[in-house]
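**Student:** Per numbering that gives the first Met the number 0, the very first residue in the sequence shown carries number 0; after that it's consecutive. Each residue gets a CB set at the ideal place from its N, CA and C atoms; glycine is no exception. Since the model is a prediction, treat every value here as computed from it, not as a measurement. Got a structure here, written out as structure tokens. Questions coming.
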Amino acid sequence: MNLYKIMFEHYSQKDSKVGTITHLVARSDEEVYEWLKNEPRLSDGSVIYNSYKYSEEDDETFEIYDADYNVIGTESFKERMIRLHGEMFDEDKELNDLYYGLTLYGWQKVKEDILPEAVDTMKSNGIIISEVGGL
Numbered sequence: 000m001n002l003y004k005i006m007f008e009h010y011s012q013k014d015s016k017v018g019t020i021t022h023l024v025a026r027s028d029e030e031v032y033e034w035l036k037n038e039p040r041l042s043d044g045s046v047i048y049n050s051y052k053y054s055e056e057d058d059e060t061f062e063i064y065d066a067d068y069n070v071i072g073t074e075s076f077k078e079r080m081i082r083l084h085g086e087m088f089d090e091d092k093e094l095n096d097l098y099y100g101l102t103l104y105g106w107q108k109v110k111e112d113i114l115p116e117a118v119d120t121m122k123s124n125g126i127i128i129s130e131v132g133g134l
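Here's what the structure looks like:
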């Protein structure tokens, strides 16, 4: 199992905010994506709302570019989010219509092969840890 940091970046008309929502124990980036897509409810009662399901249903494909900006392939929304580790790291994301605000999510691997004892220690010290499938 790996430990991931789940982050957000919120934009509105007047300001922006960046932070960490929770930490997640999961096997892979794909599991992190699927966990986020299902709009999980955290232990503090908050919910991570996003449009991942709808974006997948749109069936849009995205071009992949090399360093010289040549198209080298295409990918689905899901593949793109997994490769980028969330939409908050999408340099091509357009920030428009911010009247009600826009929140982007992303993740970063903190530690590979984390021991269950380390997760228990973090939890006992008040760090919120979510787990894919309640492992």
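#1: Leaving aside the five residues before and after Thr73 along the sequence, list all residues of the same chain whose C-beta is less than 8 Å from its C-beta, in chain order.
#2: Strictly by DSSP, which residues pair up with Ser129?
#3: Here's the rule I'm using: 16 or more other beta-carbon atoms within 10 Å means buried, otherwise exposed. How should Ser42 be labelled?
#4: Return the CA-CA distance between Thr120 and Val31, expressed in angstroms with no decimal places.
#5: Could you check whether Met0 and Trp106 sit closer than 8 Å to each other, using their CB atoms as the reference points?
#6: For Asn13, name the three-state secondary structure that DSSP assigns.
**Tutor:** Reading from the atomic positions:
#1: Position 74 of the sequence shown holds residue 73. The beta carbon of Thr73 sits closer than 8 Å to the beta carbons of Thr60, Phe61, Glu62 and Ile63 from its chain, once the five residues preceding and following it are set aside; these are given in chain order.
#2: For the purposes of this step, residue 129 is taken as the residue at position 130 of the sequence shown. Beta-bridge pairing links Ser129 to Leu23.
#3: Counted from its first residue, the sequence shown places residue 42 at position 43. Exposed is the call here.
#4: By one-based count along the sequence shown, residue 120 stands at place 121. By one-based count along the sequence shown, residue 31 stands at place 32. A direct Cα-to-Cα measurement between Thr120 and Val31 gives close to 22 Å.
#5: In the sequence shown, the residue the question calls residue 106 occupies position 107. In the sequence shown, the residue the question calls residue 0 occupies position 1. Cβ atoms of Trp106 and Met0: not closer than 8 Å.
#6: By one-based count along the sequence shown, residue 13 stands at place 14. Note that residue 13 is Lys in the sequence shown, not Asn. When secondary structure is reduced to three states using DSSP, Lys13 falls in the coil class, being assigned neither helix nor strand.
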